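**Q** There's a structure below that I have some questions on.
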Amino acid sequence: MRHLVLAQARAHRGRYVASALAVVVAVAFVVATLVLGSTVDSAITTSTAAQYDGAAAVITESDSGLDPDGVLTAISAVPGVEASALDVTGPIKVAGTDGYSTASTVSGDVSLRWQRLADGRWPSGPGEVTVGSSSRHAIGDSLAITDIDGKPAAGDVTVVGTVDLAGSPLALDSRLVFGDVAQVRAWAGEYTEWEIRVAGRGGSALTDALAAAVPGAQVTTGADRATAVAGSYVGDIGVLRNVLLCFAAIAVVVAGLVISNTFAVLLAARTREFALMRCVGVTSAQVRRSVRAESVIVGFVSAVFGVLAGCGLAAAVVAVARAADVPIPLTSIAVTPGAIGLGLLLGTVVTVIAANGPARAATRVSALAAMHPLETQPEPVRDTWVRRVCALLAIAGGAALLGIGAAVGNVLMACPGGLMLFVGVILASRRIVPALVGAVGQALARFGGPVAALAAGNARRNPRRTASTATALFIGVTLTSTIVVGIGTLKAGAPALIDENFPVDVAVMSVPDASDGAVDRFTALDGLRAGTAVANTTVGVGETEFFVTGVDPDSAAQTLRDDVRLPQPGTIALEPALAETLGVREGEAVTVRGDTGSRELTVVTAGPGAPDLIALADLQAIDSETADTVWLRLDDGLTDDRLVAVSDD
Numbered sequence: 035m036r037h038l039v040l041a042q043a044r045a046h047r048g049r050y051v052a053s054a055l056a057v058v059v060a061v062a063f064v065v066a067t068l069v070l071g072s073t074v075d076s077a078i079t080t081s082t083a084a085q086y087d088g089a090a091a092v093i094t095e096s097d098s099g100l101d102p103d104g105v106l107t108a109i110s111a112v113p114g115v116e117a118s119a120l121d122v123t124g125p126i127k128v129a130g131t132d133g134y135s136t137a138s139t140v141s142g143d144v145s146l147r148w149q150r151l152a153d154g155r156w157p158s159g160p161g162e163v164t165v166g167s168s169s170r171h172a173i174g175d176s177l178a179i180t181d182i183d184g185k186p187a188a189g190d191v192t193v194v195g196t197v198d199l200a201g202s203p204l205a206l207d208s209r210l211v212f213g214d215v216a217q218v219r220a221w222a223g224e225y226t227e228w229e230i231r232v233a234g235r236g237g238s239a240l241t242d243a244l245a246a247a248v249p250g251a252q253v254t255t256g257a258d259r260a261t262a263v264a265g266s267y268v269g270d271i272g273v274l275r276n277v278l279l280c281f282a283a284i285a286v287v288v289a290g291l292v293i294s295n296t297f298a299v300l301l302a303a304r305t306r307e308f309a310l311m312r313c314v315g316v317t318s319a320q321v322r323r324s325v326r327a328e329s330v331i332v333g334f335v336s337a338v339f340g341v342l343a344g345c346g347l348a349a350a351v352v353a354v355a356r357a358a359d360v361p362i363p364l365t366s367i368a369v370t371p372g373a374i375g376l377g378l379l380l381g382t383v384v385t386v387i388a389a390n391g392p393a394r395a396a397t398r399v400s401a402l403a404a405m406h407p408l409e410t411q412p413e414p415v416r417d418t419w420v421r422r423v424c425a426l427l428a429i430a431g432g433a434a435l436l437g438i439g440a441a442v443g444n445v446l447m448a449c450p451g452g453l454m455l456f457v458g459v460i461l462a463s464r465r466i467v468p469a470l471v472g473a474v475g476q477a478l479a480r481f482g483g484p485v486a487a488l489a490a491g492n493a494r495r496n497p498r499r500t501a502s503t504a505t506a507l508f509i510g511v512t513l514t515s516t517i518v519v520g521i522g523t524l525k526a527g528a529p530a531l532i533d534e535n536f537p538v539d540v541a542v543m544s545v546p547d548a549s550d551g552a553v554d555r556f557t558a559l560d561g562l563r564a565g566t567a568v569a570n571t572t573v574g575v576g577e578t579e580f581f582v583t584g585v586d587p588d589s590a591a592q593t594l595r596d597d598v599r600l601p602q603p604g605t606i607a608l609e610p611a612l613a614e615t616l617g618v619r620e621g622e623a624v625t626v627r628g629d630t631g632s633r634e635l636t637v638v639t640a641g642p643g644a645p646d647l648i649a650l651a652d653l654q655a656i657d658s659e660t661a662d663t664v665w666l667r668l669d670d671g672l673t674d675d676r677l678v679a680v681s682d683d
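As numbered in my numbering, residues 35 to 683 make up the sequence shown, in order.
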């Protein structure tokens, strides 16, 4: 049987071209989507969380008041720890510049030094620093650094090098300064923030050992910490990949239909060949096994080419992106074993499943009956009713899922619904297409004469052949239309998705007396459209305390990009989960207390995940917290260089 299968595959290889191309296209689409998703994910994580590359574990500051020096001593004795680095950041001021700067440390251990030196050298002592590549300071400049209260440090420092921050969000901070741990801690004082990166071996066992050695500390793996930091910058970077995978799922379903249709035509042409084989002693089961074995060969070989094509397509997209100078530093493509394995498995399995139906149909009739043309053989009544019932269920279920998904805006629900509806229409095509063709043919016969009447009669005479031809056209047109409309919709909806996740362009923290003209000074800068002063504090309702943000509703409406529900004077906007915790509903009154008083406010509910907001005037009436943060909205279409300039201003 093995020799027969190989001989059949070689003899009919030309007839398998359509099926092979369908598999190649579907697998390439899936693999390219997965590879590009992994590439973008890796690039974003690398650019936004480069410091965690090579870190096995990260110990972050918690509320337990741990001493970082004591933590370093404690973890040095943990088995598996090879190196550790204390990262310290804090606010500073550089004489001669407005606003605050940020000081960060350069690790003394080269294996944990994440910064890339663009020019000059690394600091060798307390009197030397490096600056970011977007800084206005050059190598050799002398800087007078003070703490945020304006108290000068002991002596000036000299810039000895620049750090390459291309592709990193840190490039927007043109005042970033890098120094050693001692001087950064001296500059930042009580405002110092720290974390410890650990290099070592042992995986989760090392993380558990570190947590046991430092009770009260928050210990995570380097990969988890990098994912969390990257997510804080760009949100859920898997959303785009999931949307693209929906299109990949459509391509897979379409490929299955094309393969099934192709195998049906191919096996119909070989019906007499199968009949002769059965007449000489080959059983129906053996014929089916041989066809399935052929489909395995076709599917696997096509899947291999599909994986190669998908990787090549991903590489081409990355190359075009580099040439177009996209802001994400795509250094290389990330081809994962999972993407390759899924592509090979998907191509093979889809081909075998799609070929199974035609194989059973081609061997269901007796050997003598199979000597006649397959088109003259009627379809069994049972198969007809099964197809009709499945078509009805698929159309009804798909339409319901599609409608619900569209109503709630859930792509992962609407996509399966659309696929079910699509498959249902394909299954019902033997009833729908001949009826439509007959109706159109009758209308055209009145004007086209005998030729048109003959064409309409031929189309009605063999419903299966007519339906198969129309199905092939239907599949191609539907796939093309779906991809074009989907890409256009995704392109149009992407800005709204970004605005929903990041309604504030820039947040400036620790602004003294933000309500007293600070917003006007910021918005006077070129490139800034609007701004509003906000205050952040903790208030209480009953026994529950929660964090709220006080905003001016009028200026906030001009600043926020998304349609966030803003509180009017006398109201408080609560996220639904918090409102449920407090046991209140829309329109009910609650007494909100602060550290200086309380006030009765009316509850309005915001969207899920929205911040809890209160009118700034109401907050200042019950709490002593002053506005110390400014939200800013940038002009649309600013380039990266202009963003850096605005940040520097």
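The beta carbon of each residue, even a glycine, is placed where N, CA and C say it ideally should be. Since this is a predicted model, take the numbers as computed values, not measurements.
#1: From Asp670, Gly377, Thr639, Cys449, pick the residue whose C-alpha is nearest to that of Pro610; which is it?
#2: Are the CB atoms of Val65 and Gly340 nearer to each other than 8 Å?
#3: Pick out whichever of Phe581, Thr566, Gly195, Val598 has its Cα sitting closest to the Cα of Ser589.
#4: Round the Cβ separation of Ala389 and Ile293 to the nearest angstrom and send it over; I've been treating them as touching at under 8 Å.
#5: What number of angstroms, rounded off, separates the C-alpha of Pro542 from the C-alpha of Ala172?
#6: Going by the CB atoms, is the gap between Gly250 and Leu146 shorter than 8 Å?
#7: Going by alpha carbons, who is nearest to Asn570 out of Ala649, Ala623, Thr593, Arg563?
#8: Ignoring anything shorter than 4 residues, give me the alpha helix (DSSP H) runs that lie fully in the segment 47 to 85, in order along the chain.
#9: When you compare the CB positions of Val218 and Val122, do they come within less than 8 Å of one another, or not?
#10: Need the endpoints of the beta strand (DSSP E) that Ser324 sits in, please.
#11: Is Glu229 near the ligand NAP, going by C-beta to nearest heavy atom under 7 Å?
#12: Who are the Cβ neighbours of Glu95 in its own chain at under 7 Å, not counting the five residues just before and after it?
#13: With C-beta atoms as the reference, is Val232 less than 8 Å away from Val193?
#14: Any contact between the segment 68 to 82 and the segment 255 to 264? By contact I mean 3 or more CB pairs, one from each, below 8 Å.
#15: Could you tell me the distance, in whole angstroms, from the CA atom of Asp586 to the CA atom of Val568?
#16: Taking Val573 as the reference, which of Trp221, Thr557, Leu562, Leu647 has the closest Cα?
#17: Less than 8 Å between the beta carbons of Gly143 and Gly195, yes or no?
#18: Report, in whole angstroms, the separation of the C-beta atoms of Gly475 and Ala462, which I expect to be a contact under 8 Å.
#19: Pro125 by DSSP, collapsed to three states: which one?
#20: Mind checking which residues open and close the beta strand (DSSP E) that includes Glu622?
#21: When the Cα of Ala89 is compared with those of Thr255, Val248, Ala62, which residue comes out closest?
#22: Return the chain-ordered list of same chain residues with a C-beta closer than 8 Å to the C-beta of Thr73, the five sequence neighbours on each side being excluded.
#23: So, helix, strand or coil for Gly631, using DSSP?
#24: With distances taken between CB atoms, is the gap from Ile438 to Leu244 smaller than 8 Å?
#25: Near Met311, what residues of its chain come up, given a Cβ to Cβ distance below 7 Å and the 5 sequence neighbours on each side ignored?
#26: According to DSSP, is Leu666 part of a helix, a strand, or is it coil?
#27: What span of residues does the alpha helix (DSSP H) with Gln217 cover, start to end?
#28: Please say whether Trp156 and Asp87 have beta carbons closer to each other than 8 Å?
#29: Suppose you measure from the CA of Asp669 to the CA of Thr557; what does that come to, to the nearest Å?
#30: For Leu594, list the residues DSSP reports as bridge partners.
#31: I believe Leu240 touches Ala91 by the beta-carbon criterion, under 8 Å. Please report the beta-carbon distance rounded to the nearest angstrom.
#32: Do Ser138 and Leu210 have their beta-carbon atoms positioned less than 8 Å apart in this structure?
#33: Which residues in the same chain as Ala434 place their Cβ atom closer than 6 Å to its Cβ, once the five residues preceding and following it in sequence are excluded?
#34: How big is the Cα-Cα spacing for Ala552 and Gly124?
#35: Cα-Cα, which of Leu666, Ala62, Ile460, Val287 is closest to Asp560?
#36: Using the Cα positions of Leu616 and Thr636, report the straight-line distance between them to the nearest angstrom.
**A** The structure says:
#1: Thr639
#2: Annotated as proximal: Val65 and Gly340, with beta-carbon spacing under 8 Å.
#3: Thr566
#4: 7 Å
#5: Just to set this straight, residue 542 is Val in the shown sequence, not Pro. Rounded to the nearest angstrom, the two C-alpha atoms are 26 Å apart.
#6: no
#7: Ala649
#8: Runs found: 51 to 82.
#9: Cβ distance < 8 Å, so Val218 and Val122 count as in contact.
#10: Run containing Ser324: none in the beta strand (DSSP E); it sits in the alpha helix (DSSP H), 318 to 357.
#11: Although the ligand NAP was asked about, the structure shown includes no ligands whatsoever.
#12: Glu227, Trp228, Glu229
#13: Contact: no.
#14: yes
#15: 7 Å
#16: Leu647
#17: For clarity, residue 143 is Asp in the given sequence; the question names Gly instead. The answer is no: Cβ separation not under 8 Å.
#18: Rounded, the Cβ-Cβ distance is 20 Å, inconsistent with contact.
#19: strand
#20: Unbroken run through Glu622: none, as it is neither H nor E.
#21: In terms of CA proximity to Ala89, Thr255 leads the group Thr255, Val248, Ala62.
#22: Cβ neighbours of Thr73 beyond the five flanking positions: Ala348, Val352, Leu364, Ser366, Ile367, Ala368.
#23: coil
#24: no
#25: Val321
#26: Correct three-state label for Leu666: strand.
#27: From DSSP, the alpha helix (DSSP H) with Gln217 extends over 215 to 222.
#28: Contact flag unset, no.
#29: If you draw a straight line from the Cα of Asp669 to the Cα of Thr557, it comes to about 11 Å.
#30: The beta-bridge partner set that DSSP reports for Leu594 is empty.
#31: 6 Å
#32: yes
#33: none
#34: 22 Å
#35: Leu666
#36: 13 Å
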